[in-house]
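**Student:** Next up is a structure, given as structure tokens.
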Amino acid sequence: MRAKALGALETTEMTEPSSETITARAIRIGALLSIHSAGSGHPGGSLSCADLLAFIAANELKWGEADATSPDRNRFVLSKGHACPALYAAAAQAGLIPRRQLLSLRKRGSPLQGHPNVLDLPWVETSTGSLGQGFSAAIGMAMGLRHRGSRARVYVMLGDGELQEGEVWEGAMCAAHYRLDNLCAVVDYNKMQSDDLNANIMGLEPLQAKWTAFGWNSVELDGHDPKAIAEAFDAARACRGRPSVLIAHTKKGRGVSYMEGMPLWHGSVRLSDEDLRTALADLGASETFVASYFSGTLWR
Amino acid sequence: MIAAMRESAPQLIGSSGDSLREAFGKALVELADRYPSFVVLDADIAGGTGVHHFRKARPDRFFQLGIAEQNMMALAGGFAATGAIPFVTTFAVFCLRALEQARLSVAYPKRNVKIVASHPGLDVGPDGASAQCLEDLAAFRALPNMAVVSPADPLEVAQATEAILLHDGPVYMRTGRSPARRVLDADYRFALCRGRVLREGRDVTLVACGVEVARALDAAALLSTRGISARVVNLSTLKPIDVDLLVDCARRTGCVVTAEDHSIIGGLGGAVAETLASYAPAPMELVGVRDVFGESGEPEELAQAYGLTGLHIAEAAERALSRKRRS
Numbered sequence: 004m005r006a007k008a009l010g011a012l013e014t015t016e017m018t019e020p021s022s023e024t025i026t027a028r029a030i031r032i033g034a035l036l037s038i039h040s041a042g043s044g045h046p047g048g049s050l051s052c053a054d055l056l057a058f059i060a061a062n063e064l065k066w067g068e069a070d071a072t073s074p075d076r077n078r079f080v081l082s083k084g085h086a087c088p089a090l091y092a093a094a095a096q097a098g099l100i101p102r103r104q105l106l107s108l109r110k111r112g113s114p115l116q117g118h119p120n121v122l123d124l125p126w127v128e129t130s131t132g133s134l135g136q137g138f139s140a141a142i143g144m145a146m147g148l149r150h151r152g153s154r155a156r157v158y159v160m161l162g163d164g165e166l167q168e169g170e171v172w173e174g175a176m177c178a179a180h181y182r183l184d185n186l187c188a189v190v191d192y193n194k195m196q197s198d199d200l201n202a203n204i205m206g207l208e209p210l211q212a213k214w215t216a217f218g219w220n221s222v223e224l225d226g227h228d229p230k231a232i233a234e235a236f237d238a239a240r241a242c243r244g245r246p247s248v249l250i251a252h253t254k255k256g257r258g259v260s261y262m263e264g265m266p267l268w269h270g271s272v273r274l275s276d277e278d279l280r281t282a283l284a285d286l287g288a289s290e291t292f293v294a295s296y297f298s299g300t301l302w303r
Numbered sequence: 003m004i005a006a007m008r009e010s011a012p013q014l015i016g017s018s019g020d021s022l023r024e025a026f027g028k029a030l031v032e033l034a035d036r037y038p039s040f041v042v043l044d045a046d047i048a049g050g051t052g053v054h055h056f057r058k059a060r061p062d063r064f065f066q067l068g069i070a071e072q073n074m075m076a077l078a079g080g081f082a083a084t085g086a087i088p089f090v091t092t093f094a095v096f097c098l099r100a101l102e103q104a105r106l107s108v109a110y111p112k113r114n115v116k117i118v119a120s121h122p123g124l125d126v127g128p129d130g131a132s133a134q135c136l137e138d139l140a141a142f143r144a145l146p147n148m149a150v151v152s153p154a155d156p157l158e159v160a161q162a163t164e165a166i167l168l169h170d171g172p173v174y175m176r177t178g179r180s181p182a183r184r185v186l187d188a189d190y191r192f193a194l195c196r197g198r199v200l201r202e203g204r205d206v207t208l209v210a211c212g213v214e215v216a217r218a219l220d221a222a223a224l225l226s227t228r229g230i231s232a233r234v235v236n237l238s239t240l241k242p243i244d245v246d247l248l249v250d251c252a253r254r255t256g257c258v259v260t261a262e263d264h265s266i267i268g269g270l271g272g273a274v275a276e277t278l279a280s281y282a283p284a285p286m287e288l289v290g291v292r293d294v295f296g297e298s299g300e301p302e303e304l305a306q307a308y309g310l311t312g313l314h315i316a317e318a319a320e321r322a323l324s325r326k327r328r329s
């Protein structure tokens, strides 16, 4: 995905709204532009989950298709709600919101709230931003769908630091108890949280053993490898009688040289113009594209 | 003068009927066929909340979530998003434990979830302070989009259960642990957002909710022997509050006493005070638990010790009246 030729971006990925153009690179660029425009936002965790989000949006959801509001649609909940710049960018790629709207992130009156709000954007499925809650809500959706006889599936993405919330393990017990095989959790395991490495804040390991012990079908994968991602989601879909968790090893700040592996870029930070220029160059955006953003003509 | 009546006051424990929680559990069974879209969530306390009746009658619509209230609350928000109407049932204190889940996953997205809490107030009795929730009305009233209801007797619980089911949006409703006196006539009709005048009076209004409604009626009877005419209002919906009725009470009687089995901070007294301060200021006295925790004991003993009886309400009415005369 990242190997795409320089300059191709603005003509394909960033222009045609169709599920075929939801790429991780477009999500990363959209997320960074929106965070720069907002003057705040969480870049690190938005970049780490971009490959996973691109796959989910393009393959597991019916975004952009006619049945996007069907009661039997597959659902996706971003439980790590602070990574919503990536979610919004994916939605813009799918045509759910105008691309130009990404630049209204966190601004008064914008539906692109600092954390996702379902009353503003129905396709975020539930309001998130307080860690652990989106996971429980997703479990409730999976139970509700089963109760009404629907075969729809529910996907929920959690951060690794989020797993320190006790509510997550209440939910993990519950989903296994009810054998919710229509539920698939994805852990964006970038090893870092707000202040420091998970290991220094509150260690999570052995993480896969924990999920397995809680009764889940757990799969470890490289969360930046499209082939590994596709295989993991196939394995989750094929699993019967248990919920699945995909423990995706990722890199915080993935794709931007100075952010990768730096906890500093977890938090809600201001991206300077120079920061953004470097990041966009790292991601292969053309000079024309960057110039159009700074001149205010992008997506006009 | 009324203080002197303490010694000779009749024991007004009254005929014990169903508890409010039992009435709630039975109402759910009654409503099940007519309203196929509701489900009941429980956190291993069905016998305590009354929903064991529903579990037995409709196991297909009963979901056991274990002792994990935070997950249950947020899960209810997601369950509601699929078109069902979940009743979240547990003790009131455990609703506080899941308050933030109720805030973000129920109230903020306006989910059609009904939170029904048993074991509120000193009415809990012997379990003591850990279980006696004195803060729930204040906490849930502060959540935007959340309606707050506290019915007075088994009849009203049954009617309110159907009314909150028909209301499209999040609701917090209190039931109660102990056997409750019947205070409402058979022709009583609950209406969400409306208070009801149970007894007319000229000199003072006694506004109560939950178990304190019966005690407010006791107080009105005591006051009448002193030549004081008290209007009694059952304000079973604390939010949205019945502004018109409260303004009418303040204007007609000139002073108001509130009574609740809850902290005097932020509950019924707070709600009435906020309303009257804006629309019809009048001398007020607040009967409730005065910013302390409870303790083990029988509910009536605790009501005596913490100042929640009819006598206490009557004494508060005298204080309010004397302030009205001075002003």
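These protein sequence lines are chains A and B, in that order.
In terms of this note's numbering, the first sequence opens at residue 4 and continues consecutively.
In terms of this note's numbering, the second sequence opens at residue 3 and continues consecutively.
For every residue, glycine included, the Cβ atom is placed at its ideal position computed from N, Cα and C.
1. Examine chain A for any beta-carbon lying closer than 8 Å to the beta-carbon of V185(B), and answer yes or no.
2. Quick check: the segment 97-114 of chain A against the segment 128-144 of chain A, are there 3 or more CB pairs under 8 Å?
3. Relative to the alpha-carbon of P88(A), which residue among D75(A), S40(A), T129(A) has its alpha-carbon at the smallest distance?
4. Per DSSP, what kind of secondary structure is Q167(A) in: helix, strand or coil?
5. Using DSSP bridges, identify the partner residues of D205(B).
6. Under 7 Å Cβ-Cβ, which residues of chain B neighbour V121(A)?
7. Below 8 Å, can you find three or more Cβ-Cβ pairs linking the segment 86-102 of chain B to the segment 118-138 of chain B?
8. Can you tell which of L67(B), I266(B), A162(B) has its C-alpha closest to the C-alpha of L139(B)?
9. Let's test the definition: count the other Cβ atoms within 10 Å of the Cβ of S329(B) and tell me whether it reaches 16, buried, or not, exposed.
10. Going by other Cβ atoms of all chains shown within 10 Å of its Cβ, with 16 needed for buried, is F295(B) buried or exposed?
11. Give the single residue among G42(A), S43(A), L55(A), G44(A) whose Cα lies nearest to the Cα of I30(A).
12. Which chain B residues sit within Cβ distance under 8 Å of I142(A)?
13. Excluding five sequence neighbours on each side, which residues of the same chain lie with their C-beta closer than 8 Å to the C-beta of L167(B)?
14. Below 8 Å, how does it come out for the segment 150-160 of chain B and the segment 73-80 of chain B: are there three or more Cβ pairs, yes or no?
15. Closer than 7 Å by C-beta to G137(A): which residues in its own chain qualify, once you throw out the five before and the five after it? Chain order, please.
16. With a cut-off of 8 Å, does the C-beta of G218(A) fall near any C-beta of chain B?
17. Under DSSP, the alpha helix (DSSP H) around T281(A) begins and ends at which residues?
18. Go ahead and pull the three-state DSSP assignment for C211(B).
19. Keeping to the same chain, check which residues put their C-beta closer than 8 Å to that of G135(A); ignore five residues upstream and five downstream.
20. Which one of Q211(A), I25(A), M195(A) has the shortest CA to CA distance from H45(A)?
21. Tell me which residues of the segment 123-135 of chain A have at least one Cβ-Cβ distance to chain B shorter than 8 Å, keeping chain order.
22. In chain order, what residues of the same chain have a beta carbon less than 7 Å from the beta carbon of G256(B), not counting five sequence neighbours either side?
23. State the DSSP-derived secondary structure class of K194(A), mapped to helix, strand or coil.
24. Whose C-alpha, out of L101(B), L106(B), R113(B), Y110(B), is nearest the C-alpha of A119(B)?
25. Please classify G16(B): does DSSP put it in a helix, a strand, or coil?
26. Are the CB atoms of A221(B) and A319(B) within a distance shorter than 8 Å?
27. If contact means a Cβ-Cβ distance below 8 Å, which residues of the segment 148-162 of chain A contact chain B?
28. Shorter than 8 Å from the beta carbon of M262(A) to some beta carbon of chain B?
29. With a threshold of 7 Å on Cβ separation, who are the neighbours of G271(B) within its own chain once the five nearest residues in sequence on each side are excluded?
30. For C187(A), tell me which candidate among L106(A), P229(A), T24(A), A155(A) has the shortest Cα-Cα distance.
31. Return helix, strand or coil for S107(A), following the three-state DSSP convention.
32. Please identify, using Cβ separations under 8 Å, the residues of the segment 82-102 of chain A that lie next to chain B, in order along the chain.
33. Can you determine whether any heavy atom of the ligand SAM sits closer than 7 Å to the C-beta of H39(A), and answer yes or no?
34. Determine the direct distance from the alpha carbon of D62(B) to that of F89(B), and round the result to whole angstroms.
35. Spatial neighbours of L224(A) within its chain, please: CB distance less than 8 Å, with the 5 preceding and 5 following residues excluded, ordered by chain position.
36. Nearest by alpha-carbon distance to N62(A): which of T26(A), E277(A), L115(A) is it?
**Tutor:** So, from the listed chains and residues:
1. For V185(B), the nearest beta carbon of chain A is not closer than 8 Å to its own beta carbon.
2. Three or more beta-carbon pairs separated by less than 8 Å are not found between the segment 97-114 of chain A and the segment 128-144 of chain A, which leaves the two stretches without contact.
3. Among D75(A), S40(A), T129(A), the Cα nearest to that of P88(A) belongs to S40(A).
4. DSSP, read as helix, strand or coil, puts Q167(A) in helix.
5. D205(B) is not bridged to any residue.
6. Chain B residues near V121(A): P111.
7. Because the criterion of three Cβ pairs below 8 Å is met, the segment 86-102 of chain B and the segment 118-138 of chain B touch.
8. Nearest C-alpha to L139(B): I266(B).
9. Exposed: under 16 other Cβ atoms inside 10 Å.
10. F295(B) counts as exposed, since fewer than 16 other beta carbons sit within 10 angstroms of its beta carbon.
11. Taking only the C-alpha atoms, the option nearest I30(A) is L55(A).
12. The contacting residues are N73, L77, G80.
13. Closer than 8 Å at the Cβ level, and outside the excluded window around L167(B), lie L33, Y37, F40, I87, K116.
14. Not touching, per the Cβ criterion.
15. Correct list, in chain order: V80, L81, S82, G84, T129, T131, V159.
16. It does not: the Cβ of G218(A) has no partner Cβ on chain B nearer than 8 Å.
17. For T281(A), the enclosing alpha helix (DSSP H) starts and ends at 276-285.
18. The answer is coil: DSSP assigns C211(B) none of H, G, I, E or B.
19. Hits under 8 Å: S82, E165, E168, G169, E170, V171, G174.
20. Among Q211(A), I25(A), M195(A), the Cα nearest to that of H45(A) is on M195(A).
21. Those residues of the segment 123-135 of chain A that come within reach of chain B (Cβ to Cβ, closer than 8 Å) are E128, T129, S130, T131, G132, S133, G135.
22. Excluding residues within five positions, the ones whose Cβ falls inside 7 Å are A284, K326.
23. K194(A) falls in the coil class under three-state DSSP.
24. Out of L101(B), L106(B), R113(B), Y110(B), L101(B) has the C-alpha closest to the C-alpha of A119(B).
25. Interpretation of G16(B) is limited by its pLDDT of 34, a score under 50 that renders its predicted location unreliable; the figure taken from the coordinates is listed afterwards. Reduced to three states, the DSSP call for G16(B) is coil.
26. Cβ distance < 8 Å, so A319(B) and A221(B) count as in contact.
27. So the close ones are L148, H150, R151, S153.
28. Judged by the 8 Å Cβ criterion, M262(A) is not in contact with chain B.
29. Non-local beta-carbon contacts of G271(B) in its own chain, meaning distances under 7 Å to residues more than five positions away in sequence, involve T260, E262, L288, G290 in chain order.
30. In this structure, A155(A) is the residue among L106(A), P229(A), T24(A), A155(A) with its C-alpha nearest to the C-alpha of C187(A).
31. Annotated three-state conformation of S107(A) is helix, per DSSP.
32. From the segment 82-102 of chain A, no residue has a Cβ closer than 8 Å to chain B.
33. Of ligands this structure carries none, so the ligand SAM is not represented either.
34. So the two alpha carbons sit approximately 14 Å from each other.
35. In its chain, beyond the 5 residues on either side, A231, I232, E234, A235, L249, I250, A251, H252 have a beta carbon closer than 8 Å to the beta carbon of L224(A).
36. N62(A) has its Cα closest to that of T26(A), out of T26(A), E277(A), L115(A).
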